[in-house]
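Note sheet for the following structure.
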Amino acid sequence: MVASTGIAIGMTKGFPVEKREKKTRPKHRKGKKGKRVAVVREVIREVSGLMPYERRMLDMVKTGGVGSEKRIYKFAKRRLGTHKRALAKREEVKGIYGKIRA
Numbered sequence: 045m046v047a048s049t050g051i052a053i054g055m056t057k058g059f060p061v062e063k064r065e066k067k068t069r070p071k072h073r074k075g076k077k078g079k080r081v082a083v084v085r086e087v088i089r090e091v092s093g094l095m096p097y098e099r100r101m102l103d104m105v106k107t108g109g110v111g112s113e114k115r116i117y118k119f120a121k122r123r124l125g126t127h128k129r130a131l132a133k134r135e136e137v138k139g140i141y142g143k144i145r146a
């Protein structure tokens, strides 16, 4: 946006004022994972291991084959309920498999 000129006509009309920086509102921080939450979840995952359906997905990744990505997605979607969650879980399980293989 262009600064005001002090003239009463045109795109830049109005009294010239200094723009103030707005503080970030809580709603803009919502949904971001904090450090503490990340550590707690990591510890819980380490202690408890995979859930049964995640183990089954891991087996699907291991066996692979034609259309395994889609099968894993469909399985995850049925268990988790939404497209986004299913995609995220599929990537998470593939990441776990990658760590196991490395």
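For the sequence shown, the positions run 45 to 146 when the working numbering is used.
Ideal Cβ positions, reconstructed from N, Cα and C, are used throughout, including at glycine.
Note to self: Rounded to the nearest angstrom, what separates residue 64 and residue 126 at their Cα positions?
What the structure shows: 41 Å
Next item on the list: Indicate the three-state DSSP secondary structure (helix, strand or coil) for residue 148 in the structure shown.
Entry: Shown here, the chain extends from 45 to 146; a query on residue 148 therefore has no answer.
Notebook entry, point to check: Going by alpha carbons, who is nearest to residue 141 out of 62, 71 and 94?
Noted result: 94
Item checked: Per-residue burial, residue 133 [other beta carbons within 10 Å of its own, 16 or more giving buried] -> Around the CB of residue 133, 16 or more other CB atoms lie within 10 Å, so the residue is classed as buried.
Notebook entry, point to check: Roughly how many whole angstroms lie between the Cα atoms of residue 121 and residue 83?
Noted result: 27 Å
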